[in-house]
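Enquirer: One structure follows; several queries about it will come next.
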């Protein structure tokens, strides 16, 4: 599913005339999940290997679709010798639109936006995704809990791989909050959130009335419409 997000982002960058490269098989996990789950040695190993690869290619700027990767690359890699300008794809796409390299679009979707924890609370980026969405559709409605008071999707701290046995699952509660807005599209900018929210939509039987989409997919769709 998230490969489609990567393709949408790459297509938008090509439309804007951006010269970029993808590491392909040279790219490894940033190690964020290893560190969050307590495996510091694995984090150090992955980070060191990535830094060696990135520095070897002379990389100066990195655009990532994952806020977890954003946080690791931007805030943790410098301690190990990895110093780069790191942008979330919403920030980069917003820049391209401001520079008139990408046109505004429009579609008929009713959208509500879910703030990923690592993009919002950890890195204080709330506006770029919303500006992209507002330029792409006529209706964007906020959930009751949003921005710095947003509600986690349930994947943070490596809990995406842990089974919850008591109480309401966090992702299902977040889907309930999204449904209350009357939106037909739950937008986000994180692959972990995308997975958790898609699962929550399916498990609560809302697949016919609500779907998850990444901001890049929605931006591309609006330009093509």
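Residue numbers (my numbering): 1006 to 1230.
Even for Gly, the Cβ is constructed at its ideal location relative to N, Cα and C.
Predicted, not measured: the structure shown is a model, and the values here were computed from it.
1) Assuming residue 1228 and residue 1101 are in contact, meaning their beta carbons sit under 8 Å apart, how far apart are those beta carbons, in whole angstroms?
2) According to DSSP, is residue 1189 part of a helix, a strand, or is it coil?
3) Can you have a look at residue 1207 and say buried or exposed, based on whether 16 or more other CB atoms are within 10 angstroms of its CB?
4) Is it right to say residue 1027 is buried, meaning 16 or more other beta carbons lie within 10 angstroms of its own, or is it exposed?
5) What separation, rounded to the nearest whole angstrom, lies between the Cα atoms of residue 1104 and residue 1022?
6) Using a threshold of 7 Å, state whether the C-beta atoms of residue 1011 and residue 1115 are closer than that.
7) My output table needs one value for residue 1067: the three-state DSSP class, helix, strand or coil.
8) Residue 1033 by DSSP, collapsed to three states: which one?
9) Would you kindly report the start and end of the unbroken alpha helix (DSSP H) that includes residue 1175?
10) Tell me the start and end of each unbroken alpha helix (DSSP H) in the stretch 1068-1137 that is at least 4 residues and wholly inside, in chain order.
11) Rounded to whole angstroms, what's the CA-CA distance from residue 1024 to residue 1066? Just pull it up for me.
12) When DSSP labels each residue in this structure, what does residue 1150 get in the three-state scheme?
Expert: This is what the structure holds:
1) Going by Cβ atoms, the distance from residue 1228 to residue 1101 rounds to 11 Å, so no, they are not a contact pair.
2) It is coil, neither helix nor strand.
3) Under the 10 Å beta carbon count, residue 1207 is surrounded by fewer than 16 other beta carbons and is classified as exposed.
4) Exposed, by the Cβ-count rule.
5) Distance from the CA of residue 1104 to the CA of residue 1022, rounded to the nearest whole angstrom, comes to 12 Å.
6) Their beta carbons are not under 7 Å apart, which means residue 1011 does not touch residue 1115 by this criterion.
7) In the structure shown, residue 1067 sits in a strand (DSSP, three-state: E or B).
8) Residue 1033 falls in the coil class under three-state DSSP.
9) Its alpha helix (DSSP H) spans residues 1175-1184.
10) Listed in chain order, they are 1072-1076 and 1094-1103.
11) Each residue's Cα considered, the two are about 12 Å apart.
12) Of the three classes helix, strand and coil, the one that applies to residue 1150 here is coil, per DSSP.
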